[in-house]
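Please read the structure below before turning to the comments.
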Amino acid sequence: MGAVVALAVPALAIGATGLLWSSALRGDVASHWSDLGPADGSLPGVAVFSVTFGMAIAAVIVGAVAVALPRVSVRSTRAALFWMGSVGAVAAGGWLIPAGLTVQAGSAKGAVLGGWVIVLALAVLYGAVPHLVAPRDGRHDERRPATLATPLRATETGAWSRTITAKVFVYVTVLVVAIAAAVEIPLVLLGDPGAGAVSLTILLAAAVVLASFIRVRITVDWRGLRIVSLLLRLPLKRIPLDRIRRADAAELRAGEWGGWGYRIMPGRSALILRDGPGLVVTTTGDREFAVSVSDPEVPAGLLNSLRSASVGEARS
């Protein structure tokens, strides 16, 4: 219930200020800035209010449905609350800041953006509020306790390694490179290759990031969990064994962990290469990390055994 209330806050803020600033609804409100100075574009206040209020209400409805459905896992529910909270907050920022600045200035043209751009950019982080407020009861989570079929002896250790190729990132990387070429080649032909330097740099940087996920090696041993990009020879994740509290096998869905690739959300992160089986590691700080693996029971069981052995040695 508290999470749904948190989702409703942006919609309530839009509705309340819409009544308070009714004068703004009768004219135009600022809608576009080329810099931090006065607005250089405007839209009818009624249109801006209707769109943003509608977005915020839709976010509340979707979030409430996710909470109410009994068969939706806790992780899916909390992920939905995060994204819907972000949508509602962005909608609120899209109304409160332009309309408020317009009312303050007396006209749309006199609305100066200034430092409010930072607040607008950070609005997406509001999704963490309903996400954190939501219950963490895991009765619907599809996790399986993992143990080794043959437990390690006191003097034994073990290691597990798997190399994974994610074809989806091959295709996406090629697509981004193609877009970069489509942006730059016409400019080169026109004799102005520097015009698209910023966009080209961003696209190529995105291509490098995407390429790092094409082929990765996941290793579990006495050092803990390590993930390395084989294409770029870069470490992507490392969790020392003494920081691991438990490891589980689970069914991972990209939508529950924020999407494909390396995702970071409040209290957890993940390297999602595909939907399906995966390893979920819970740290001693109650943070979670998930990675797509075809046979997660083996590395999860090995991590649990190695962790138990290290704890036993420390106590003795």
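Per my numbering, the very first residue in the sequence shown carries number -3; after that it's consecutive. Note that CB positions come from ideal geometry on N, CA and C, so glycine has one too.
Residue i: first and last residue of the uninterrupted beta strand (DSSP E) it sits in
i    : result
W112 : Not the beta strand (DSSP E): W112 falls in the alpha helix (DSSP H), residues 112 to 118.
A275 : Contrary to the premise, residue 275 reads as Leu rather than Ala in this sequence. Element bounds for L275: 272 to 279.
A286 : 284 to 288
Whole-angstrom distance between residue j and residue i, CA atom to CA atom
i    : j    : result
T279 : R239 : 5 Å
V99  : V56  : 27 Å
V113 : L298 : 48 Å
V166 : A177 : 17 Å
L32  : L267 : 37 Å
P273 : R234 : 20 Å
G41  : V5   : 21 Å
A43  : R22  : 10 Å
W256 : L121 : 19 Å
L221 : A62  : 33 Å
L223 : D291 : Position check: residue 223 holds Ile in this sequence, whereas Leu was assumed. Distance between the alpha carbons of I223 and D291 is about 16 Å.
T161 : W218 : 25 Å
W156 : V294 : 8 Å
A60  : V0   : 6 Å
L237 : L275 : 15 Å
H13  : L109 : Per the sequence presented here, residue 13 reads as Thr, with His not at that position. Their Cα atoms are separated by approximately 19 Å.
Contacts around residue i, its chain only, beta-carbon distance under 8 Å, and the 5 residues preceding and following it disregarded
i    : result
S208 : S225, L227, L228, L230, L232
A202 : V172
L196 : A176, V179, E180
V212 : T159, I160, A162, I223, V224, S225, L226, L232, L267, L269
R264 : W253, R283, E284, F285, A286
Residue i in three-state terms, based on DSSP
i    : result
W156 : strand
G257 : strand
A250 : helix
A243 : strand
I10  : helix
Extent of the continuous alpha helix (DSSP H) to which residue i belongs
i    : result
L267 : No alpha helix (DSSP H) holds L267; the beta strand (DSSP E) holding it covers 264 to 268.
V129 : 124 to 129
Residues near residue i in its chain [Cβ-Cβ closer than 7 Å; skip 5 each side]
i     : result
V7    : The question names Val, but residue 7 is Ala in the sequence shown. Closer than 7 Å at Cβ, skipping near neighbours: F49, A52, I53, V56, G84.
T169  : A203, L206, A207, I210
A104  : D24, V25, A26, A35, S38, T98
S30   : D36
G(-2) : V129
A64   : none
T271  : One point to set straight first is that residue 271 is Asp, not Thr, in the sequence displayed. Excluding positions up to five away in sequence, the list reads L248, R249, A250.
Neighbourhood of residue i by C-beta distance below 6 Å, restricted to the same chain and skipping five residues each side
i    : result
R158 : I214
A119 : A85, V86, G89
A107 : A26, A35, L97, T98, A101
M261 : G254
What are the complete beta strand (DSSP E) segments, minimum 3 residues, inside the segment 209 to 239? With a minimum length of 3 residues, the continuous beta strand (DSSP E) runs that stay inside the segment 209 to 239 are 211 to 217, 220 to 225, 230 to 236.
In chain order, each alpha helix (DSSP H) run of at least 4 residues that lies wholly inside the segment 12 to 76: If one requires a minimum length of 4 residues, the alpha helix (DSSP H) runs lying completely within the segment 12 to 76 are 18 to 21, 41 to 64, in chain order.
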